[in-house]
Each structure stands twice: as structure tokens, then as C-alpha cells.
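Below you'll find the structure, written out as C-alpha cells, and then a few comments.
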Amino acid sequence: VIRLGSMARVRFSKLRKILKTTCTLVFFLPLQDAVCTLNTLQTNACALEQVRRERGHPQLQLQAMRGFLERAGLVVEELDHLNIIHVTGTKGKGSTCAFTEHILRSYGFRTGFYSSPHLVEVRERIRINGKPIGKELFTKYFWQVYGRLYETKDTHGGSMPAYFRFLTILAFHVFLQEKVDLAVIEVGIGGAYDCTNIIRRPWVCGIASLGIDHTSILGDTIEKIAWQKGGIFKPGVPAFTVKQPDGPMMVLKERAKEIGCPLWVCPELEEYPADSEPLRLGLAGHHQRSNASLALQLSHSWLQRRCLPGSIPSPADESKGVSPAAGFQPSPIMAKGLEDTEWPGRTQTLKHGPVTYFLDGAHTTRSMLACVSWFSKVASQHERTTGGPVVRVLLFNATGERDSAAMLKLLVPCHFDFAVFCPNITEAIASCNADQQNFNVSVENMLTRCLDNQRSWRLLNGQEEKPGAQLLISRDALPLVAAERCSKTLVFPCILSALQWLSQGRDSVLAHPDKRVIPVKPSVTAKAAPLRDAAGIHVLVAGSLHLVGGVLKHLDPSFAS
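Here is the structure:
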């Protein structure tokens, strides 16, 4: 065991060469060293070659995952001991997992929970008993897994697992080492060829609401996407799905029959009998009700197997096709678990004096519809009690192949007074948090996307394109001034500059002396007069979970540590 102080920034490879030893090393390096090393797996040449090679042969992904797992000192059979609940879907799978984990934790079980993406720190992806694993624990287990993989890379063509694949292996390692009673595993993308699908024998599987997303990987129709999602089904393992449109439901039914998996459709939340009051949910929004129903079925099925081993359906049940799941009476522990569930960044409200933030990581058209419905209702409730005029501000960004214009079109009826766009960059300084760095897209591309979003918003609101000051882009550093196009829309170079402008010093957290003030043009400051005069400022943050995470890093002290 080699202990290195926080000042000893020694790269793993150099240290191995210096020591010239074949023993496994455990490093006590600062957390940021681990995160920076993890980030190298985003773009290393071998990882990119893996993607190119496997794109036409997706089944190779699981084959490669088995190899990496074994190199890390694990075997697939060990994962059977984690008593896994495996959940996929397009919208709501993370919330479903959060509900499920909280219910089973409320019963006294030691839970593991693997999810993605993280909002602020990568440690959030791997949770024990509902909390991100500690910094020391993450660092210790990271170097254990990374060390084993690095030591064997030369005998495997120099290959190292890509970012998400590595974190999945790390999560399995953590859960086994920490001896959890169960692990709730959220699928990354799709299901059939997702690296989490190396799981052989989950205890129960779940499918949340399906929609269109990641079309270049999963297919361009909801039926093709349903085929991918149904790939997590396992022979004889009970599976539950929320109600789906006819097309994808038929695909799921065929997949279940083909695999030999009993499949049930969850009832509406109102169909669960209750003694007195209806079930309350800790997560806001009507769309969370189907997620809660799925979580009830998943936790109930898991508890049956844990407490009544003989009650699990036999593989023969799959001949019945898709059956409606019974709406049993939830126990008081289940009801309390649903009510106490927290899942930051999803239909979350934060009130900071006169500024109220409504945060939702909606990033597909379907999830944006749910976001609009939630925001319209809850913002109106807040406005009725404000006691004066309220200014509405949209803070938006979208990434990847998402259809920004389609999402923005859904937001037009919310009648925002200002639309603000910025990239998913927390601060315009080089020391930006390593947990939120993305090396797969350039700063130029991110800012160009923001300008495109601004242009779409103007067109959707019937405003003509006007010449204006362009955002100056530097390859070495981010600009420190906002772009100015018109009186209603602005583009900022980072999240902090956008938040400081729209709050106008009225949010004490953002106005803290420790916060570096990002300068803007006087003309841009002048446009903020309505924000300074209003009785309240209501800000909807949407379009990207990474954007929401960057906002929370500045607004919520618990994320700033």
C-alpha cells in the first residue's frame, strides 16, 4: 500500500514504471486524481476504437464487458449474489429506481443503487443506502479496479473500458465489497446491448415509459426502441412494465414470449387500495404516478422472493402473455417510502428569497411535455401567493442528437419573459469541476448549439432574426461577456454567468462573496430591469440533466462540497 499526499500528483503509469513491480497497488490519491483519470476514458483512442468496432456488431459489447469484468477481478456469476432489480425505459427509469430503492431501504435492507448521469459529482452514480459513496471509498475502490485493468492492458491490445463501462464495473465491485442486500441497477442506454445487461439473473426487471431517444443507437421508431429495452428480460424472471402504446407493447409481449419471461402491466396508482388517504409521492408531477406504480410492483416482487421464496412465478407463466398486475394494498412502509423519496433535478423546486427555481432534467419531447405540465401548474400556484408581478425566465440547453427546436416549441405556451441559453459549463474558469468535464464535444460546438437554440426560440415566437453581437469564442478560455441578440433572449458562456444575470443579486447564495462575479456588457445589464423590479422571479431550468446539475452546484450548498 502506497500512501501519497494531496500534493503528490503522480500518474499511475509513471509510478508503475518507477516501482517495476507486478504487485497490485492501492493508491490513496486525492479524489480529483481519480476523477481526472476516469475522464481520460471518455476519449482514449482504444475506447473510440471499441465504439467503431462494436457499432455494427452490438453483441460484441457484452462480450467485451465480460472480458473487462474478469480483468477487474470479477466474474459474471458473482453478480447473481447482488439480488438485482434491473430497470430500463426512456422516461422515468431513474425516478422508478429512486422510488424502489427508498421503499426497500425503508424495510431495513442495505441497498446499492447505480444510476446515470450524475448531476454534480460522479460519486452520485454509485450509492449505498441512498447516499453517494464517500470520497475516500470512491477513491479506494476506483484505484483497485483501475489498477487491475491497467496492469492487464498490454496483454489485451492496450484496451481499457470506456467511461460508462468502467463505472458499471466499479459499481458492481463496490456493491460486492460493501455487501449490499440488493442492488437497483438503472440501464444506461437501451437494454439488450447495454453493458449493465451482463447481469444473468436479476430478481425482477422493470420497464418505464418508452419514447424516442438515442435513435442513432437504438433505432428510429418506438417499436425498434422497445425491442432494445425488452432485451433485459431473462428466462423465468418476473418483469413489469408501465402501460405503453400498442406498438411497443406488442413488441415487449413478443420479446417476453421469445425469452420465456412472465410480463405484467402495472395498474394506475389510483387502483391500489388504501385505508384512508391516497398515496403521496415525494416527487412532483403527474407522470411520476406511473413510475411509483412500477416501483411498488418491483419492490413487492423483490420482497416476495426475499421473504417467500416459493411465491415467485414459474417460467410456465410466460405462456399467458402479458397480464395485468394486481393493485395490492401497499404497506405503511411502502407508502412512507414513496412519500419520502427524493431525486434531485427532477421536478424539483428551490426557493431562494424572491427567486424560485424549477428544475427538471427533461431532455426528450415526451419528458418535456410532462415538464411543461408540471411547471405550468406549480408555477401558477407560486404566482398566486407572490403578491406582485412575476417575471418568468427559461434557462435552457440541450445536447447530443436531441431535437432542441421540438422541445422549445413545447415551452412557448409557458409565456416566458426571457429565454436564456448557456452550455453545460459550470464556470468560465480553468479550474471548473472535473466531475462535469466533457471531452467529447468542443466549447465552440457547445456555444454554437446555444446560438442555434436562441435562433429557434426567436423564430418560434415570431421574432425576426436581427444582427447582433456574436459570442466571441476562444480556444484557450471561455469568454467573459454575454452575447446580445434581442431584448428577450440572451446567450451566456457558462451557467454561473447566466444565473448571476437572471437573479440580479436577489439570490443570496449567488451573491455570496465567494462567488466570482462574471462581467457583462452594460447594455445586457440594462435589459435586466424587469428582473430587478419584479416581486418574484420564476426560473425553469430544463433541456439537460447536465445543465440542471451545473445549476444545483451553484444553488445547493450540499452539492458544492
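Sequential numbering from 1 applies to the sequence shown in full-length UniProt numbering.
Just so you know, even glycine gets a beta-carbon here, dropped at the ideal spot from N, CA and C.
Item to complete: Could you tell me the boundaries of the beta strand (DSSP E) in which residue 539 lies?
Response: 536-542
Discussion item. Between which two residues does the alpha helix (DSSP H) holding residue 252 run?
Written reply: Element bounds for residue 252: 246-259.
Fill in: Bounding residues of the beta strand (DSSP E) (the contiguous stretch that carries residue 122)
Careful: residue 122 lies outside any beta strand (DSSP E) and carries neither H nor E.
Discussion item. For the alpha helix (DSSP H) containing residue 302, name the first residue and the last one.
Written reply: 288-307
Practice prompt. Could you have a look at residue 478 and say whether DSSP puts it in helix, strand or coil?
Written response: A caution first: residue 478 carries a pLDDT of 47, below 50, which makes its placement in the model unreliable, though a value can still be read off. Residue state, collapsed to three classes: coil.
Worksheet item: In this structure, does DSSP put residue 392 in helix, strand or coil?
Response: Strand at residue 392.
Practice prompt. Quick one: using the 10 Å Cβ neighbour count with 16 as the cut-off for buried, is residue 413 buried or exposed?
Written response: With fewer than 16 other beta carbons inside 10 angstroms of its own, residue 413 counts as exposed.
Worksheet item: Contact between the segment 405-421 and the segment 246-262: three or more CB pairs below 8 angstroms?
Response: They do not touch, by the three-pair rule.
Practice prompt. Identify, in the order they occur along the chain, each residue of the same chain with its Cβ nearer than 6 angstroms to the Cβ of residue 92, setting aside the five sequence neighbours on each side.
Written response: 208, 209 and 291
Fill in: Helix, strand or coil at residue 569 according to DSSP, with G and I counted as helix
An answer regarding residue 569 cannot be provided, because it is not within the stretch 1 to 561 covered by the chain.
Worksheet item: In chain order, what residues of the same chain have a beta carbon less than 7 angstroms from the beta carbon of residue 40, not counting five sequence neighbours either side?
Response: Around residue 40: no qualifying Cβ.
Worksheet entry | Per-residue burial, residue 450 [other beta carbons within 10 Å of its own, 16 or more giving buried] | buried
Practice prompt. Ignore the nearest five residues each way along the sequence and tell me which others in residue 229's own chain have a CB closer than 6 angstroms to its CB.
Written response: So the list reads 88, 191 and 207, once near-sequence residues are dropped.
Worksheet entry | Residues that DSSP places opposite residue 352 in a beta bridge | 355
Worksheet item: Under the rule that 16 or more other beta-carbon atoms within 10 Å means buried, what is residue 523, buried or exposed?
Response: exposed
Discussion item. Tell me the rounded alpha-carbon separation between residue 65 and residue 136.
Written reply: 26 angstroms
Worksheet item: How should residue 129 be labelled, buried or exposed, when 16 other C-beta atoms within 10 angstroms of its C-beta is the threshold for buried?
Response: Exposed.
Worksheet item: Just checking, does the segment 140-147 make contact with the segment 173-184 on the three C-beta pairs under 8 angstroms criterion?
Response: Output reads yes: the segment 173-184 touches the segment 140-147.
Practice prompt. To the nearest angstrom, report how far apart residue 330 and residue 83 are at their CA atoms.
Written response: 22 angstroms
Worksheet item: So residue 535 packs on residue 387, CB below 8 angstroms; how close in whole Å?
Response: For a cut-off of 8 angstroms, the C-beta gap from residue 535 to residue 387 is around 6 angstroms, short enough to register as a contact.
Worksheet item: Where does the unbroken alpha helix (DSSP H) through residue 428 begin, and where does it stop?
Response: Residue 428 -> no alpha helix (DSSP H), and no H or E assigned at all.
Item to complete: Go through the segment 197-240 residue by residue and report every complete run of the beta strand (DSSP E) that reaches 3 residues or more, in order.
Response: 204-207
Worksheet item: Taking DSSP as the reference, what is the three-state secondary structure of residue 522?
Response: helix
Fill in: Where the alpha helix (DSSP H) containing residue 169 begins and where it ends
163-177
Item to complete: With a threshold of 16 other CB atoms inside 10 Å of the CB of residue 124, please say whether the residue is buried or exposed.
Response: buried
Discussion item. Please classify residue 108 as buried or exposed, where buried requires at least 16 neighbouring CB atoms within 10 angstroms.
Written reply: exposed
Worksheet entry | Rounded C-alpha distance that separates residue 490 from residue 61 | 42 angstroms
Fill in: Collapsed DSSP secondary structure at residue 183 in the structure displayed
strand
Item to complete: With DSSP as the reference, please indicate the residues paired to residue 322 in a beta bridge.
Response: 263
Item to complete: Along the alpha helix (DSSP H) that carries residue 68, what are the first and last residues, could you check?
Response: 59-71
Fill in: Residue environment, residue 532, which counts as buried when at least 16 other CB atoms sit within 10 Å
Per the 10 Å Cβ criterion, exposed.
Fill in: Supposed contact pair residue 410 and residue 365 - C-beta distance, whole angstroms, cut 8 angstroms
7 angstroms
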